[in-house]
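Scroll down for the structure; my scribbles are underneath it.
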Amino acid sequence: MLSVISYPVFAISILLGLILSISLFPLGWFEFRPEWLALLVFYWTFRAPAQFGVLWAWCLGLLLDVLEATPLGVNASAMALTAFLVLTVHQRLRMFPLIQQCLMVFLLLGINQMYVHFIKQILGGGDAGFSYLWPALTSALLWPPVCVILDGLNRKLG
Amino acid sequence: MAAPTGDSAIKTIFVAGPIPGFRLFLALVTSAALIVADVRFDTLQTARSAIATGLSPVYWFGNAPSQLSDWVSGLFTTRDDLLEENDALKARLLILERRALRYAALAAENNELRRLLNSGEVLDDRVIVAEVVSVSPDPFSHEVVINKGSRDGVRVGQAILDSTGLMGQVLTTSSFTSRVLLISDSSHAVPVEVVRNGLRAILLGNGDISALELVHVPDTADIREGDLLVSSGLGGRFPKGYPVAEVKRIHKDPGEPFVQIEATPKAQLNRSEMVLVVFSENQELARPTQDDGSMSPEGDASVTEGGAD
């Protein structure tokens, strides 16, 4: 468990997350693109629940809405929901081994994706199938390295 | 409630306060209001473009890897290759110039004929060159971001071309970037006509980047495989006469009132780096002249001279 966090690391990781979520990605692998920003919201809410919560997540989601050109508020509310769910489980989450944490990441980011997909369906877009869940899976696989790297940076610089 | 509430005597190792259900409620209500305002009333465009302008460093960095690879490959190109490419480009320029010569004469003649017919059309359009800097992260929507925005005069609804055909239209703009909806997006439609005989139809995108759908063409219509479809200019959004697609396959089902027609887009929707933003004089002229028809011949004549040069 971390006692201190580093705000520069926070800012840079968020900026990097925003960049990665629009930077060019191999075309055939498009639907596997990880949900970088949701993963970072998950990490920061998990590691620093007192500082980063629902409102931060909502603001970051709004930025993602602009980047993805979805109606303003879709990703914002999804991020707020994710942050809220992390806040409700973060105490148990700390006790979990890394593999189990990955499962939780998959679950919560899956809920995030499902929510976004649901809203898009209501607004008359999107299509059928469960392929929108792939990003949750790839993000879950990325959780161990992301967690280890950000923890290391926080310890060193925080 | 699993989280500890304010008991100051015991210092817990968990630093969170009460579960912020109220904040979530607030966020969800605000989001719902935003979504409704954005989708139904279109009132948030200024806010969106302001945020997008603030995020332009993100767009820039997002495009940096491909720029870097371009720069590195430019660094390692040999002089011979450059000379060879230069020769090829010169040859191509010569061919295109010859065509342009013929085109100028034809355009002048065409404009003259149109003027005689009192028809309100202008052939030449002004364009600016833009670069695709990002593609939509959502695999289900076909959108790209270009590096020209409202600072460069780009406005919502302008047509985007590449060297081979129509690509799409501007959806939103910010100061430095604009978002372009491609013609293959499932929410996009272009009014087109067959160049051979002027048959009009609507070309729909269907979410497949290499196939479009021509709809509401009757069974008896004169259309063949290999026909070129150009934008018809009806609807006032796209300028007239740019190639859009080529008919690839026609399927006639005797039980159906319409034929099923599949077309291949002429533009390279998934690889164009450089694109053209069209400033259609037509659009700007069309609106005022609709009010009083007597203005149109003079208006046309003045632009005709500019267009024929």
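Chains as they are written, first to last, in full-length UniProt numbering: chain A, 1 to 158; chain B, 1 to 309. Glycine is no exception: its CB is placed at the ideal position from the N, C-alpha and C atoms. All of these numbers come straight from a predicted model, not from anything done at the bench.
Looking at the C-beta of residue i, does it have a partner C-beta in chain A at a distance below 8 Å?
i	result
residue 38 (chain B)	yes
residue 208 (chain B)	no
residue 138 (chain B)	yes
residue 58 (chain B)	yes
residue 157 (chain B)	no
residue 52 (chain B)	yes
residue 189 (chain B)	no
residue 24 (chain B)	yes
residue 160 (chain B)	no
residue 288 (chain B)	With a pLDDT of 38 at residue 288 (chain B), under the threshold of 50, the modelled position of this residue cannot be trusted; read the value that follows with caution. Not one chain A Cβ lies under 8 Å of residue 288 (chain B).
residue 204 (chain B)	no
residue 273 (chain B)	no
residue 254 (chain B)	no
residue 31 (chain B)	yes
residue 27 (chain B)	yes
residue 212 (chain B)	no
residue 65 (chain B)	yes
residue 151 (chain B)	no
residue 166 (chain B)	no
residue 182 (chain B)	no
residue 35 (chain B)	yes
Please list the partners that residue i has in chain B, where partner means a Cβ-to-Cβ separation under 8 Å.
i	result
residue 157 (chain A)	Ordered by position in chain B, no residue passes the 8 Å Cβ test against residue 157 (chain A), which lies about 19 Å from the chain.
residue 53 (chain A)	20 and 23
residue 11 (chain A)	Result: empty, since nearest Cβ-Cβ is about 13 Å, beyond 8 Å.
residue 30 (chain A)	139
Whole angstroms is fine: what's the gap from residue i's alpha carbon to residue j's?
i	j	result
residue 143 (chain B)	residue 95 (chain A)	43 Å
residue 72 (chain A)	residue 275 (chain B)	28 Å
residue 180 (chain B)	residue 83 (chain A)	32 Å
residue 156 (chain A)	residue 67 (chain B)	33 Å
residue 257 (chain B)	residue 236 (chain B)	28 Å
residue 147 (chain A)	residue 137 (chain A)	16 Å
residue 288 (chain B)	residue 108 (chain B)	Residue placement at residue 288 (chain B) is poorly supported in this model, since its pLDDT is 38, which falls under 50; the coordinates are not used for a value here.
residue 131 (chain B)	residue 7 (chain A)	35 Å
residue 355 (chain B)	residue 17 (chain A)	One cannot answer for residue 355 (chain B) here, as it falls past the ends of chain B, which runs 1 to 309.
residue 137 (chain B)	residue 36 (chain A)	11 Å
residue 53 (chain B)	residue 165 (chain B)	29 Å
residue 152 (chain B)	residue 35 (chain B)	29 Å
residue 150 (chain B)	residue 97 (chain A)	51 Å
residue 26 (chain B)	residue 87 (chain A)	16 Å
residue 239 (chain B)	residue 232 (chain B)	8 Å
residue 51 (chain A)	residue 90 (chain A)	14 Å
residue 117 (chain A)	residue 76 (chain B)	45 Å
residue 168 (chain B)	residue 44 (chain B)	23 Å
residue 20 (chain B)	residue 81 (chain A)	11 Å
residue 23 (chain A)	residue 72 (chain B)	18 Å
residue 161 (chain B)	residue 242 (chain B)	8 Å
residue 87 (chain B)	residue 101 (chain B)	21 Å
Determine, for residue i, whether the minimum Cβ-Cβ distance to residues of chain B falls below 8 Å.
i	result
residue 71 (chain A)	yes
residue 81 (chain A)	yes
residue 58 (chain A)	yes
residue 66 (chain A)	yes
residue 110 (chain A)	no
residue 37 (chain A)	no
Whose Cβ in chain A lies nearer than 9 Å to the Cβ of residue i?
i	result
residue 276 (chain B)	Here the premise fails: no neighbours, minimum Cβ distance about 21 Å.
residue 243 (chain B)	Per Cβ cutoff of 9 Å: no residues; residue 243 (chain B) is ~24 Å from chain A at best.
residue 134 (chain B)	22, 23, 24 and 67
residue 179 (chain B)	69
residue 48 (chain B)	65, 66, 69 and 72
Assuming residue i contacts residue j (C-beta within less than 8 Å), just tell me the rounded distance between them.
i	j	result
residue 55 (chain B)	residue 67 (chain A)	6 Å
residue 209 (chain B)	residue 184 (chain B)	5 Å
residue 247 (chain B)	residue 227 (chain B)	4 Å
residue 230 (chain B)	residue 244 (chain B)	6 Å
residue 154 (chain B)	residue 170 (chain B)	6 Å
residue 146 (chain B)	residue 178 (chain B)	5 Å
residue 48 (chain A)	residue 5 (chain A)	5 Å
residue 23 (chain B)	residue 55 (chain A)	6 Å
residue 149 (chain A)	residue 61 (chain B)	That belief does not hold up - the Cβ atoms of residue 149 (chain A) and residue 61 (chain B) are roughly 19 Å apart, past 8 Å.
Which residues in chain B sit within 7 Å of residue i, going by Cβ to Cβ distance?
i	result
residue 123 (chain A)	39
residue 33 (chain A)	137
residue 77 (chain A)	27, 28 and 31
residue 21 (chain A)	137
In chain A, what lies closer than 7 Å to residue i by C-beta?
i	result
residue 172 (chain B)	69
residue 44 (chain B)	72
residue 143 (chain B)	69
Show which residues of chain B have a CB atom less than 9 Å away from the CB atom of residue i.
i	result
residue 18 (chain A)	55, 58, 61 and 62
residue 63 (chain A)	51, 54, 55 and 58
Is the closest heavy atom of the ligand FAD to the C-beta of residue i under 7 Å?
i	result
residue 175 (chain B)	No copy of the ligand FAD appears in this structure; indeed no ligand is present at all.
Please list the partners that residue i has in chain A, where partner means a Cβ-to-Cβ separation under 8 Å.
i	result
residue 114 (chain B)	Result: empty, since nearest Cβ-Cβ is about 38 Å, beyond 8 Å.
For the region 42-102 of chain A, list the alpha helix (DSSP H) runs that are entirely contained and at least 4 residues long, ordered along the chain.
The alpha helix (DSSP H) runs of length 4 or more contained entirely in the region 42-102 of chain A are, from start to end of the chain, 54-68 and 74-95.
Please give the ranges of any beta strand (DSSP E) in the region 187-239 of chain B, keeping only runs that are unbroken, at least 3 residues long and fully inside the region.
Listed in chain order, they are 189-194, 200-205, 212-215 and 228-231.
Sequence ranges, beta strand (DSSP E) only - wholly within the region 27-108 of chain B, length at least 3:
Correct list: empty.
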